[in-house]
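Enquirer: Would you mind keeping the following structure in view while I ask a few things?
Numbering (our numbering), first residue to last: 101 to 682.
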């Protein structure tokens, strides 16, 4: 029998087949025992060094996460730079053994990461807060994809002591749950980094009378990009009172994490200069006022023994200011569209000698089907720029804007690609998406393949209409917009494009029906049905109340399988446009 290359996710740096096989007799044979006792946690890996024909040895010439595997006639020899490298070697061996249960192909593997940081950030504040069971399952999936950092984006969805009025209806993460997640992450070599927005995106605090006096614009503001008046403020006024408030939140959150880092957010303070800071902005400029306050926020983190990181969008608007950003803080350069200038922005930070992280997105949010082509290009561009300019790593993000309507699986293919490329870029430009779906969804190999095929089809929907919108799918816009906004979204879309899209969704529906796992099948079928409802609305077909009722029932059921109840009614209210909103 001729040996074939194992199918591995992520693909390693180097893999050489040597020819022939190493038999794996039944237990108690030493080779079988070795394979069955491979470590599954960092602590187990640290206790696994030993000798024998099949052995795991520490090798100081390798980096902490690097490893070598040699499968030869004498046995299996694994060398690793440290416990995490040993853990990754064990993952690789388990994949090889699963494909070759009775005789391992003789081979040599040299492997290790391209980037030190391979992270994922999940928005848990825009309506959806996953159940603890789902979060623990996510940790397992991320570990299998070699992620070593996880951030849960928090605005109000943590049970901050003394602030029950802000989080009471959110089904928030509790301190005990965060500590349990932190333990699970640490066991698998993943750093759970606290992530708390501290300047902009504070709507869920400032909507309450208790916190409204902290706002830049307590009586509402006008969005500078859309001209739309927003009655609920979203940005803190940059003064001592807001700093005391942020310090109190940090004091409630940070003690639950091992990490000595914290992401303090700081992105999109849209109102700055419209309200109470108007005179300061007129005198010094918006970006200078922003940067001065960011320094003070970062100092709060430093005082608490944490290294801050922050979203770098304002910083990159005027790169001359980048050199004045807090020296002990890590900028996170984010952009979610294909063609985002990662190369220019990362190059500028490299010139300044700054440590930084590049953050692409899954393109799953504000969509029912995902925007796969955009997402995969975005991942590749961010990772390539990170490597070219010496970034610490990448942070794949997925958000929940507009009601967090997207099925969770629509993030799986971009997440698989982003993490695999961060591990070894060139080897994983086309990763095994079927295995990625099986890994992240806890699916059989057959269902992983069926889910991957369905997600590929769904993710191509947006390409059938020439018109596009930033960070959103038109089918989502069509369904969720207010009636008066529908003509604007529909403008420039040909009837033939809508018909082709509906036909494509029918193929997606049939593909989803081939998934045996009921939860994933229904989630994807619901995404297809919601996108089709949006397209029919764009066609001018009248809304059928019974269809809306059925879609809401299905949305609530799908939500409840993975997430806590807080935020569900908000999501439902945002699903069918203004008349449905409460």
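Ideal Cβ placement from N, Cα and C applies to all residues, glycine included. On a predicted model such as this, the values are computed, not experimentally measured, just so you know.
Just confirm the distance between the C-beta atoms of residue 245 and residue 110, as a whole number of angstroms; I'd bet it's less than 8 Å.
Expert: As a position in the chain shown, residue 245 is number 145, starting the count at 1. As a position in the chain shown, residue 110 is number 10, starting the count at 1. Correct: roughly 7 Å between the Cβ atoms.
Enquirer: Could you pull the start and end residues of the beta strand (DSSP E) that residue 606 belongs to?
Expert: On the chain shown, position 506 is the one that residue 606 refers to. Careful: residue 606 lies outside any beta strand (DSSP E), inside the alpha helix (DSSP H) at 595-612.
Enquirer: Let me know the alpha helix (DSSP H) ranges lying completely inside the segment 164-243, each 4 residues or longer, listed in chain order.
Expert: 183-199
Enquirer: How would you call residue 555, buried or exposed, if buried means at least 16 neighbouring beta carbons within 10 angstroms?
Expert: For the purposes of this step, residue 555 is taken as the residue at position 455 of the chain shown. It counts as buried.
Enquirer: Going residue by residue through the segment 233-302, where are the continuous beta strand (DSSP E) segments of at least 3 residues, counting only ones entirely within it?
Expert: 249-254 and 291-296
Enquirer: Give the secondary structure of residue 374 by DSSP, where H, G and I count as helix, E and B as strand, and everything else as coil.
Expert: The sequence position of residue 374 within the chain shown is 274, counting from 1. Coil at residue 374, not helix or strand.
Enquirer: Taking the C-alpha atoms as reference points, what is the distance between residue 248 and residue 214?
Expert: Stepping through the chain shown from its first residue, residue 248 is reached at position 148. Stepping through the chain shown from its first residue, residue 214 is reached at position 114. Rounded to whole angstroms, residue 248 to residue 214 spans 13 Å at the Cα level.
Enquirer: Leaving aside the five residues before and after residue 336 along the sequence, list all residues of the same chain whose C-beta is less than 7 Å from its C-beta, in chain order.
Expert: Indexing the chain shown from 1 puts residue 336 at position 236. Same-chain partners within the cutoff: 299, 302, 314, 315, 316 and 342.
Enquirer: Can you tell me whether residue 572 is helix, strand or coil according to DSSP?
Expert: As a working note, residue 572 is residue 472 in the chain shown. In the three-state scheme derived from DSSP, where H, G and I count as helix and E and B as strand, residue 572 is classed as strand.
Enquirer: Does the beta-carbon of residue 671 have 16 or more other beta-carbons within 10 angstroms, so that it is buried, or is it exposed?
Expert: Within the chain shown, residue 671 is the residue found at index 571, counting from 1. Answer is buried; the Cβ neighbour count reaches 16.
Enquirer: Buried or exposed: residue 642, going by 16 or more other Cβ atoms within 10 Å of its Cβ?
Expert: Numbered from 1 along the chain shown, position 542 holds the residue referred to as residue 642. When all chains shown are included, residue 642 counts as exposed.
Enquirer: For residue 205, count the other beta carbons within 10 Å of its own beta carbon; 16 or more makes it buried, fewer makes it exposed. Which is it?
Expert: Position 105 of the chain shown, counting from 1, holds the residue named residue 205. By the neighbour-count rule (16 or more Cβ atoms within 10 Å), residue 205 is buried.
Enquirer: Indicate whether the contact test is met: 3 or more Cβ pairs, each with one atom in the segment 646-655 and one in the segment 585-596, closer than 8 Å.
Expert: no
Enquirer: Can residue 476 and residue 406 be called in contact, C-beta distance under 8 Å?
Expert: In the chain shown, counting from the first residue as 1, residue 476 sits at position 376. In the chain shown, counting from the first residue as 1, residue 406 sits at position 306. In this structure, residue 406 does not lie closer than 8 Å to residue 476 by Cβ.
Enquirer: Is there at least one Cβ from chain C nearer than 8 Å to residue 440's Cβ?
Expert: The structure shown has no chain C; it contains just one protein chain.
Enquirer: Given a cut-off of 8 Å, decide if residue 208 and residue 170 are closer than it, judged by their beta-carbon atoms.
Expert: Position 70 of the chain shown, counted from the start, is the residue given in the question as residue 170. Position 108 of the chain shown, counted from the start, is the residue given in the question as residue 208. Yes, Cβ-Cβ distance for residue 170 and residue 208 is below 8 Å.
Enquirer: What residues are listed by DSSP as bridge partners for residue 663?
Expert: Reading the chain shown from its first residue, position 563 is the one you call residue 663. In the DSSP output, where bridge partners are listed per residue, residue 663 has 230.
Enquirer: What are the boundary residues of the alpha helix (DSSP H) that includes residue 479?
Expert: Position 379 of the chain shown, counted from the start, is the residue given in the question as residue 479. Residue 479 -> alpha helix (DSSP H) spans 472-488.
Enquirer: Note down the Cα distance separating residue 344 from residue 380, rounded to an integer number of angstroms.
Expert: Walking along the chain shown from the start, residue 344 turns up at place 244. Walking along the chain shown from the start, residue 380 turns up at place 280. Rounded to whole angstroms, residue 344 to residue 380 spans 20 Å at the Cα level.
Enquirer: Could you tell me which of 220, 404, 194 and 542 sits nearest to residue 361, measuring between CA atoms?
Expert: Locating residue 361 in the chain shown gives position 261, where the first residue counts as 1. For the residues 220, 404, 194 and 542, the minimum Cα distance to residue 361 belongs to 404.
Enquirer: For residue 347, which of 310, 304 and 399 has the nearest alpha-carbon?
Expert: In the chain shown, residue 347 corresponds to position 247, counting from 1. Nearest of 310, 304 and 399 to residue 347, Cα basis: 399.
Enquirer: Among the candidates 264, 294 and 291, whose CA atom is the shortest distance from the CA of residue 305?
Expert: Counting from 1 along the chain shown, the entry for residue 305 is found at position 205. Residue 264 is the option with its Cα nearest to residue 305.
Enquirer: According to DSSP, residue 124 sits in a beta bridge with which residue or residues?
Expert: Walking along the chain shown from the start, residue 124 turns up at place 24. DSSP output for residue 124 lists no bridge partner at all.
Enquirer: Among 288, 259, 260 and 107, whose alpha-carbon lies nearest the alpha-carbon of residue 199?
Expert: Here residue 199 refers to the residue found at position 99 when the chain shown is read from its first residue. Nearest neighbour of residue 199 by Cα position, chosen from 288, 259, 260 and 107, turns out to be 107.
Enquirer: Could you say if the segment 434-444 and the segment 531-544 meet the contact criterion of at least three C-beta pairs nearer than 8 Å?
Expert: Judged by Cβ distances under 8 Å, the segment 434-444 makes no contact with the segment 531-544, as fewer than three pairs qualify.
Enquirer: Tell me, which residues are paired with residue 363 by DSSP?
Expert: Residue 363 sits at position 263 when you count from the first residue of the chain shown. Beta-bridge pairing links residue 363 to 295 and 409.
Enquirer: Under the assumption that residue 251 contacts residue 363 (Cβ atoms under 8 Å), give the Cβ distance between them as a whole number of angstroms.
Expert: Translated into the one-based positions of the chain shown, residue 251 becomes position 151. Translated into the one-based positions of the chain shown, residue 363 becomes position 263. So it is a contact: roughly 6 Å between Cβ atoms.
Enquirer: Give me the DSSP bridge partner(s) of residue 157.
Expert: In the chain shown, the residue the question calls residue 157 occupies position 57. Note: residue 157 sits in a beta bridge opposite 179.
Enquirer: Closest by CA to residue 449, which one among 275, 385, 540 and 422?
Expert: Here residue 449 corresponds to residue number 349 of the chain shown, with the count starting at 1. Nearest in C-alpha terms to residue 449, of all of 275, 385, 540 and 422, is 422.
Enquirer: Distance check for residue 545 and residue 370, CA to CA, integer angstroms please.
Expert: Here residue 370 refers to the residue found at position 270 when the chain shown is read from its first residue. Here residue 545 refers to the residue found at position 445 when the chain shown is read from its first residue. Near 46 Å, if we compare the C-alpha coordinates of residue 545 and residue 370.
Enquirer: How would you label residue 679, buried or exposed, when you count the other beta carbons within 10 angstroms and need 16 or more for buried?
Expert: The residue given as residue 679 occupies position 579 in the chain shown. With a pLDDT of only 43 at residue 679, under the threshold of 50, the placement of this residue in the model should not be trusted, and no figure is reported.
Enquirer: Would you decide whether residue 60 is buried or exposed? Buried here means 16 or more other CB atoms lie within 10 Å of its CB.
Expert: No information on residue 60 is available, as it lies outside the stretch 101 to 682 that the chain covers here.
Enquirer: How would you label residue 562, buried or exposed, when you count the other beta carbons within 10 angstroms and need 16 or more for buried?
Expert: Translated into positions along the chain shown, residue 562 becomes position 462. By the neighbour-count rule (16 or more Cβ atoms within 10 Å), residue 562 is buried.
Enquirer: Within 10 angstroms of the Cβ of residue 243, are there 16 or more other Cβ atoms? Answer buried if so, exposed if not.
Expert: Within the chain shown, numbered from 1, the residue matching residue 243 stands at position 143. Residue 243 should be labelled buried.
Enquirer: Would you say the segment 123-140 touches the segment 223-239, given that touching needs at least three Cβ pairs under 8 Å?
Expert: no
Enquirer: Could you give the distance in angstroms between the alpha-carbon of residue 339 and the alpha-carbon of residue 411?
Expert: Numbered from 1 along the chain shown, position 239 holds the residue referred to as residue 339. Numbered from 1 along the chain shown, position 311 holds the residue referred to as residue 411. If you take the alpha carbons of residue 339 and residue 411, they lie about 20 Å apart.
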